[in-house]
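Participant:
There are 2 protein chains.
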Amino acid sequence: MQPASSNVIENRIIQAVLSEEISPGERLGEKDLGEIFGVSRTLVREAMMRLSSRGIVAVSPRRGWFVIEPTVEEARETIEARRSVEIGLLMTQKNISAEMIKQLEAHVLEQQRAIDENDLGRRSYLLGHFHVHLAAALGNSILANILEELTTRIVLIATLYQSKADAQQSCDNHRRLVSALRKNKVKDAVKIMDAHLTHLDKALSIRKKMKPRSADQLRGKASFVP
Amino acid sequence: MQPASSNVIENRIIQAVLSEEISPGERLGEKDLGEIFGVSRTLVREAMMRLSSRGIVAVSPRRGWFVIEPTVEEARETIEARRSVEIGLLMTQKNISAEMIKQLEAHVLEQQRAIDENDLGRRSYLLGHFHVHLAAALGNSILANILEELTTRIVLIATLYQSKADAQQSCDNHRRLVSALRKNKVKDAVKIMDAHLTHLDKALSIRKKMKPRSADQLRGKASFVP
DNA sequence: GTATTCTATCTGGTATACAAGATTCGCCGA
DNA sequence: TCGGCGAATCTTGTATACCAGATAGAATAC
């Protein structure tokens with residue numbers, strides 16, 4: 001394994017979370033990750049520090065780093081935060097270029113393909129990252145960053161609480177959203193987004209407990225290796 | 001100087017930025033900070049990693065860490081991001097308790113006092129943190145965190161571009177905002193917020209160049225020491 | 001006097017060393 | 001068989017060592 005920078009580690013872990021390769025509550029040992037990425041604990045630690053700042057992992061003193069397991073309360077707050085940000089994003093957007101609409105439509109098609117091909121990791125990744133693309137398309141990279149943070153947490157929440165928001169429905173919502181944007185019907189877009197998140201929020205009531213995987217299993221995941 | 005954890009360092013630096021004790025472009029050397037806080041470079045580095053993840057500082061390889069100097073484009077994006085978040089926040093809020101209204105009013109009074117007493121650092125700090133309190137009052141700590149990040153950057157932007165949004169006007173806007181919230185006039189609140197940010201955005205055109213202070217001067221600032 | 005090159009020094013980048021708390025597991029006793 | 005106790009081990013916490021790139025300043029050439 002050739003060495004990787006701490007940035008690479010950080011991004012790889014976010015990607016792994018979005019692809020559901022890593023589950024909430026999973027332990028991420030510094031030593032293990034160092035071996036996987038071929039670097040010393042120092043770089044792993046840097047990546048963890050940034051990830052913890054983004055609310056993806058948290059450290060338990062002298063026990064290890066763990067992927068966060070949001071409580072129901074935190075889950076609701078995250079969904080509400082996303083609702084605020086996304087609705088604000090839609091309401092304050094001025095004009096969206098035809099080029100961007102096309103990109104978003106292409107992204108939705110990719111999502112559909114991942115669903116059809118039953119590519120679970122890619123499916124989860126694309127469905128989550130659609131909203132990041134949306135913010136970027138509306139011309140604000142800062143909001144895109146914020147949304148990446150929030151959607152990553154949402155994926156963890158969805159995994160943890162087994163929200164049954166099935167992929168096809170999410171994809172359909174995205175399609176309708178882009179369609180509304182193409183017609184410049186902002187109000188419709190807001191409604192679709194609002195309903196989408198309300199659905200997610202409702203699905204949260206069904207709790208499901210997960211058994212955390214051990215770090216050893218993680219090492220076995222070939223795809224986790226960059 | 002007794003040792004401090006990396007968390008303390010991080011918070012202290014954010015506070016220093018909010019209080020305008022630290023200017024954009026200022027160099028923050030690992031060695032210097034380590035001496036100031038009485039710790040090794042390791043802990044300073046951890047704090048810097050998290051601050052960079054929050055977009056407050058950036059590293060120039062083998063040269064040092066610097067407080068970010070947003071370009072005009074980034075400044076506009078930050079203001080737009082804040083507009084989205086704050087408007088979304090106001091629009092999706094359900095009910096705000098009388099208790100919270102009181103807290104916000106008390107905060108506005110504190111702001112006024114800082115203005116009257118000409119306490120510049122405290123003034124800057126309170127005016128910026130009002131929005132963080134607002135998000136917290138509306139019951140979402142995640143949005144509060146996001147807003148802390150954004151307002152910190154806004155302070156840097158205001159310093160850099162010498163936006164003449166004078167303190168008294170900001171405070172008045174805050175007072176009007178809380179008043180609208182008390183009367184449950186959400187639309188008015190949104191309007192006030194929107195106008196406030198538009199004003200900030202307009203003021204951005206007047207560019208002002210700053211000369212960065214050296215780290216030695218920073219060391220001299222007794223108040224920077226925890 | 002000015003431009004240039006070379007070197008001493010400073011800075012961050014990364015790995016490693018060592019300390020101390022947490023965990024595990026075996027041993028012992030009841 | 002079950003529960004408690006202790007040492008061995010594992011994990012993060014923090015400091016330090018060493019490297020390489022960047023910088024500044026002096027010496028040199030013109």
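Protein chains in written order, with full-length UniProt numbering: chain D, 1 to 226; chain P, 1 to 226.
C-beta atoms are modelled at their ideal positions from N, C-alpha and C, and glycine is treated no differently.
The structure presented is a predicted model; accordingly, all values stated were derived computationally and were not measured.
Does the segment 99-114 of chain D come close enough to the segment 52-65 of chain D to have 3 or more Cβ pairs within less than 8 Å?
Facilitator: Output reads no: the segment 52-65 of chain D does not touch the segment 99-114 of chain D.
Participant: Under 8 Å by Cβ, that's how I've got D/S40 and D/V67 pegged, so tell me the actual separation to the nearest angstrom.
Facilitator: So it is not a contact: roughly 22 Å between Cβ atoms.
Participant: Could you tell me whether the segment 71-80 of chain P touches the segment 72-83 of chain D, using the rule of 3 or more Cβ pairs below 8 Å?
Facilitator: Short answer: they don't touch.
Participant: Quick check on DSSP: helix, strand or coil for D/S5?
Facilitator: Coil at D/S5, not helix or strand.
Participant: Count the other C-beta atoms from every protein chain shown that fall within 10 angstroms of the C-beta of residue 227 of chain P, then say buried if there are 16 or more, exposed otherwise.
Facilitator: One cannot answer for residue 227 of chain P here, as it falls past the ends of chain P, which runs 1 to 226.
Participant: Could you list which residues in chain D have their beta carbon closer than 9 Å to that of P/T92, in chain order?
Facilitator: What P/T92 touches in chain D: E80, R83, S84, I87, G88, D194.
Participant: How is the alpha helix (DSSP H) around P/S179 delimited, first residue to last?
Facilitator: Taken as a continuous stretch (DSSP letters only), the alpha helix (DSSP H) holding P/S179 covers 167-182.
Participant: Whose Cβ in chain P lies nearer than 7 Å to the Cβ of residue 229 of chain D?
Facilitator: Limits of chain D in this structure are 1 at one end and 226 at the other, which puts residue 229 of chain D out of reach.
Participant: Is P/E30 close to chain D? Criterion is C-beta to C-beta, closer than 7 Å.
Facilitator: Taking Cβ atoms only, chain D never reaches closer than 7 Å to P/E30, which makes this a no.
Participant: Going by the beta-carbon positions, is the gap between D/G139 and P/S84 smaller than 7 Å?
Facilitator: Cβ distance not < 7 Å, so D/G139 and P/S84 don't count as in contact.
Participant: Is there at least one Cβ from chain D nearer than 7 Å to P/R219's Cβ?
Facilitator: Residue placement at P/R219 is poorly supported in this model, since its pLDDT is 41, which falls under 50; the coordinates are not used for a value here.
Participant: Does P/N95 get closer than 7 Å to chain D when you measure Cβ to Cβ?
Facilitator: Judged by the 7 Å Cβ criterion, P/N95 is not in contact with chain D.
Participant: Whose Cβ in chain D lies nearer than 8 Å to the Cβ of residue 278 of chain P?
Facilitator: Only positions 1 to 226 of chain P appear in the structure, and residue 278 of chain P is not among them; the question remains open.
Participant: Starting from the beta carbon of P/S19, find every residue of chain D whose beta carbon is closer than 9 Å, and list them in chain order.
Facilitator: None at all; the shortest Cβ gap to chain D is about 21 Å.
Participant: What is the residue span of the beta strand (DSSP E) that D/H60 lies within?
Facilitator: According to the sequence shown, residue 60 of chain D is Ser rather than His. Segment 57-60, the beta strand (DSSP E) holding D/S60.
Participant: Between which residues of its own chain and D/I96 is the CB-CB distance below 7 Å, once the five residues before and five after are set aside?
Facilitator: Closer than 7 Å at Cβ, skipping near neighbours: A137, L138, L181.
Participant: Three-state secondary structure (DSSP) at D/V72?
Facilitator: Three-state DSSP puts D/V72 in a helix.
Participant: Check whether the Cβ atoms of P/I9 and P/A47 lie closer than 7 Å to each other.
Facilitator: Their beta carbons are under 7 Å apart, which means P/I9 touches P/A47 by this criterion.
Participant: Since D/L143 meets chain P, which of its residues come closer than 7 Å, beta carbon to beta carbon?
Facilitator: Those are A81, S84, listed as they occur along chain P.
Participant: Please list the partners that D/R50 has in chain P, where partner means a Cβ-to-Cβ separation under 7 Å.
Facilitator: Chain P residues near D/R50: M49, R50, S53.
Participant: Does the segment 151-171 of chain D come into contact with the segment 112-127 of chain D, if we say contact requires no fewer than three beta-carbon pairs (one atom in each stretch) closer than 8 Å?
Facilitator: The segment 151-171 of chain D, when compared against the segment 112-127 of chain D, does touch it at the 8 Å Cβ threshold.
Participant: Report all residues from its chain with a CB closer than 8 Å to the CB of P/L204; omit the five preceding and five following residues, and keep chain order.
Facilitator: So the list reads V72, A75, R76, I79, I157, Y161, S163, once near-sequence residues are dropped.
Participant: How close, in whole Å, do the beta carbons of P/T151 and P/G128 come, if the pair is a contact with beta carbons under 8 Å?
Facilitator: Yes, they are in contact, since the Cβ atoms of P/T151 and P/G128 sit about 4 Å apart, within 8 Å.
Participant: Quick one, which of D/I142, D/A114, D/R153 has its alpha-carbon nearest D/C171's?
Facilitator: Of the listed residues, the one whose Cα sits closest to D/C171 is D/A114.
Participant: Verify whether the separation of the beta carbon atoms of P/A189 and P/L90 is less than 7 Å.
Facilitator: In contact: P/A189 and P/L90 (Cβ atoms closer than 7 Å).
Participant: Would you please verify whether the beta carbon of P/E77 is less than 7 Å from any beta carbon of chain D?
Facilitator: Yes, P/E77 counts as interfacial toward chain D.
Participant: Give the single residue among P/N184, P/A98, P/V155 whose Cα lies nearest to the Cα of P/I14.
Facilitator: Measuring from the Cα of P/I14, the nearest candidate turns out to be P/V155.
Participant: Could you tell me which of D/L18, D/G25, D/N7, D/G64 sits nearest to D/I32, measuring between CA atoms?
Facilitator: For clarity, residue 32 of chain D is Asp in the given sequence; the question names Ile instead. For the residues D/L18, D/G25, D/N7, D/G64, the minimum Cα distance to D/D32 belongs to D/G64.
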